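Numbering (the numbering used here), first residue to last: -7 to 347. C-beta atoms are modelled at their ideal positions from N, C-alpha and C, and glycine is treated no differently. These numbers were taken from a predicted model, which means no experiment stands behind them. First the structure, in the form of structure tokens, and then the observations on it.
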């Protein structure tokens, strides 16, 4: 049996149902690999491993000899991100297993890569050349990096995997809800932009509400208190749901017509594919990966970062366009099943490994 190993020095439960855990899981479940995650530390109890990943093997590194033995016996070594520890691991792996395959998933955004390019050197480029497959999550970055680094980096989006069920969602089951899911109030998510935009247009879309799903950052509680003090009539129209389990989150996606992300920076957020695959119309800032997920405007709309006026326009246009939202509900699900399913993405990855 072929071995597939993800090297992730610091592992945590929250990563298991994202690309970090899902790719090794699918490689084992659907593509004949024996997968494991190799790490130096585990930050918390990996309770999602038993619930969702069939107890995928997660091993703590004991010593250097233990690492080398595992590297010798794995046919595919996957790493995420262009970090010093991954560059070191690339060179170590190829020195002990020259015929093995290295898959480097960059998990990058254009700002990070632009800054990295300023310090790019021949040693780093040589390490990248030793990788058998390098992928990035946006076509914009794919073209940029290939042009400046002269490497064969390939576009592979962050997909979705239905841990609960994969049944088609009917538009009739949806409500007039604009949804966000993630770390509510985290500075990089810029959730206040959505709330400020909603405040300005709420009288025009009186039958629409907002739902923010996820744990709330402490500093954002102060903002919310001031927001509702100034706009007490909106308390009933902005729902703060809190963190949910997968089955509960699935229900929230199922009921929302629009998903709105206002981040200043992302590296193809996992929630992009998750929302579109559940029939939501995606309205997002022009962050990396967003335009690819909505297939260049077919299943969503992009607006400039921090531009509240353009966000208001996008929300009004979408909320008033029932035909758009209804057709999107079905068509985005069909598109996602064909192009964004982690099962199909991993099938493509397996072909690219050429084992």
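Identity of the residues DSSP links to residue i by a beta bridge
{"i": "residue 216", "result": "None; residue 216 has no bridge partner."}
{"i": "residue 231", "result": "203"}
{"i": "residue 280", "result": "259"}
{"i": "residue 173", "result": "205"}
{"i": "residue 2", "result": "33"}
{"i": "residue 146", "result": "127"}
{"i": "residue 167", "result": "248"}
Delimiting residues of the beta strand (DSSP E) encompassing residue i
{"i": "residue 155", "result": "No beta strand (DSSP E) holds residue 155; DSSP gives it neither H nor E."}
{"i": "residue 276", "result": "273 to 277"}
{"i": "residue 126", "result": "125 to 128"}
{"i": "residue 429", "result": "Absent from the structure is residue 429, since the part of the chain shown begins at -7 and ends at 347."}
{"i": "residue 70", "result": "68 to 72"}
{"i": "residue 249", "result": "248 to 253"}
{"i": "residue -1", "result": "-6 to -1"}
Cα-Cα separation between residue i and residue j, rounded to whole angstroms
{"i": "residue 126", "j": "residue 5", "result": "25 Å"}
{"i": "residue 249", "j": "residue 185", "result": "19 Å"}
{"i": "residue 190", "j": "residue 15", "result": "37 Å"}
{"i": "residue 319", "j": "residue 263", "result": "21 Å"}
{"i": "residue 193", "j": "residue 341", "result": "44 Å"}
{"i": "residue 147", "j": "residue 159", "result": "28 Å"}
{"i": "residue 167", "j": "residue 246", "result": "9 Å"}
{"i": "residue 165", "j": "residue 114", "result": "55 Å"}
{"i": "residue 35", "j": "residue 3", "result": "6 Å"}
{"i": "residue 89", "j": "residue 157", "result": "39 Å"}
{"i": "residue 296", "j": "residue 135", "result": "21 Å"}
{"i": "residue 60", "j": "residue 94", "result": "15 Å"}
{"i": "residue 57", "j": "residue 251", "result": "48 Å"}
{"i": "residue -5", "j": "residue 300", "result": "49 Å"}
{"i": "residue 188", "j": "residue 85", "result": "50 Å"}
{"i": "residue 149", "j": "residue 339", "result": "13 Å"}
Three-way DSSP call (helix, strand, coil) for residue i in this model
{"i": "residue 27", "result": "strand"}
{"i": "residue 46", "result": "coil"}
{"i": "residue 96", "result": "strand"}
{"i": "residue 118", "result": "helix"}
{"i": "residue 22", "result": "helix"}
{"i": "residue 52", "result": "strand"}
{"i": "residue 112", "result": "coil"}
{"i": "residue 178", "result": "coil"}
{"i": "residue 15", "result": "helix"}
Classification of residue i by the beta-carbon crowding that lies within 10 angstroms, buried from 16 upward
{"i": "residue 179", "result": "exposed"}
{"i": "residue 293", "result": "buried"}
{"i": "residue 224", "result": "exposed"}
{"i": "residue -3", "result": "buried"}
{"i": "residue 145", "result": "buried"}
{"i": "residue 76", "result": "exposed"}
{"i": "residue 312", "result": "exposed"}
Run of the alpha helix (DSSP H) containing residue i, from where it starts to where it stops
{"i": "residue 198", "result": "No alpha helix (DSSP H) contains residue 198, which DSSP labels as neither H nor E."}
{"i": "residue 81", "result": "76 to 88"}
{"i": "residue 331", "result": "314 to 331"}
{"i": "residue 286", "result": "Note, residue 286: premise wrong, no alpha helix (DSSP H); not H, not E."}
{"i": "residue 344", "result": "334 to 345"}
{"i": "residue 192", "result": "183 to 193"}
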